[in-house]
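The block underneath contains the structure these notes are about, expressed in structure tokens.
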Amino acid sequence: MSGHTEESAFAWVVDSINKCIPAAEDCGVVMALLNHRGVTSTAERLLEVVEAVNSDWLGVAMATVNFLEDAYDGLRKIARATVLVHAKMHFGGGIWYAPVIDYERVAVILKDINYGGYVSIVHEGREDPDTAVPKASELLTSKMGLRRGT
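And the structure:
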């Protein structure tokens with residue numbers, strides 16, 4: 029943002045999340061901060077936000093393709109704070125980009141921290157979701173040893 033620093037953006041994010049924490053606690057909902065762009069573009073910075081908020085009501089939503097450099101190192105770093113996994117898929121080719129993710133490798137990262145939460149499918153490909161989502165489900169079931177939810 030023009031005229032603003034990374035540090036001011038970091039402070040805004042922490043302050044905004046802190047304002048939401050009481051409602052999350054009242055509702056019994058754990059919020060999840062996604063690794064994406066800006067303040068959350070690196071594992072280190074994402075974890076700094078989580079640590080600054082310092083609440084059991086905030087965790088991380090691990091998006092499998094959003095770390096653009098050394099994705100697996102970033103995923104490994106945020107795994108301990110992960111409360112939800114977004115398994116991004118690009119069947120039919122990517123709309124913006126289409127990195128290839130080794131989901132067996134992701135499964136090892138999650139197994140190492142005894143992750144027992146949900147893995148959601150995020151389809152960002154050009155293929156029709158009616159055919160792509162079942163393919164994604166099958167891929168995750170076979171590569172990560174997951175069972176299908178209902």
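Just so you know, the working numbering puts the end of the sequence shown at 178, numbered straight through with nothing missing. Cβ atoms here follow ideal geometry from the backbone N, Cα and C, with glycine treated the same way.
Status (buried if at least 16 other CB within 10 Å, exposed otherwise) for residue i
| i | result |
| --- | --- |
| V128 | exposed |
| A185 | Residue coverage of the chain in this structure runs from 29 to 178, which leaves residue 185 outside it and unanswerable. |
| A37 | exposed |
| H32 | exposed |
| K47 | exposed |
| L74 | buried |
| V81 | buried |
| I141 | exposed |
Where residue i sits in the DSSP three-state scheme
| i | result |
| --- | --- |
| A107 | helix |
| L112 | strand |
| G120 | coil |
| G87 | strand |
| Y100 | helix |
| I137 | helix |
| G66 | helix |
| S30 | coil |
For residue i, the first and last residue of its enclosing beta strand (DSSP E)
| i | result |
| --- | --- |
| V93 | Here V93 belongs to no beta strand (DSSP E), and DSSP marks it neither H nor E. |
| V150 | V147 to H151 |
Integer Cβ distance of residue i from residue j, believed to fall under 8 Å
| i | j | result |
| --- | --- | --- |
| V93 | G145 | Actually they are not in contact, since the Cβ atoms of V93 and G145 sit about 18 Å apart, beyond 8 Å. |
| V111 | V88 | 7 Å |
| Y131 | K163 | That belief does not hold up - the Cβ atoms of Y131 and K163 are roughly 13 Å apart, past 8 Å. |
| A115 | V161 | With a Cβ gap of about 11 Å, A115 and V161 do not count as contacting. |
Range covered by the alpha helix (DSSP H) that runs through residue i
| i | result |
| --- | --- |
| L61 | L61 -> not in any alpha helix (DSSP H); beta strand (DSSP E) instead, spanning M59 to L62. |
| L75 | A71 to V81 |
| F38 | E34 to C55 |
| E155 | Taken as a continuous stretch (DSSP letters only), E155 belongs to no alpha helix (DSSP H), as it is neither H nor E. |
| R175 | Neither: R175 is in no alpha helix (DSSP H) and is coded neither H nor E. |
| D130 | Here D130 belongs to no alpha helix (DSSP H), and DSSP marks it neither H nor E. |
Inter-residue spacing [alpha-carbon to alpha-carbon] between residue i and residue j
| i | j | result |
| --- | --- | --- |
| D156 | T68 | 30 Å |
| K105 | T169 | 24 Å |
| L103 | C55 | 28 Å |
| G122 | E76 | 31 Å |
| H118 | T159 | 12 Å |
| L167 | E53 | 35 Å |
| G120 | S165 | 15 Å |
| G153 | A126 | 8 Å |
| D101 | A91 | 13 Å |
| A109 | S30 | 31 Å |
| S44 | M59 | 12 Å |
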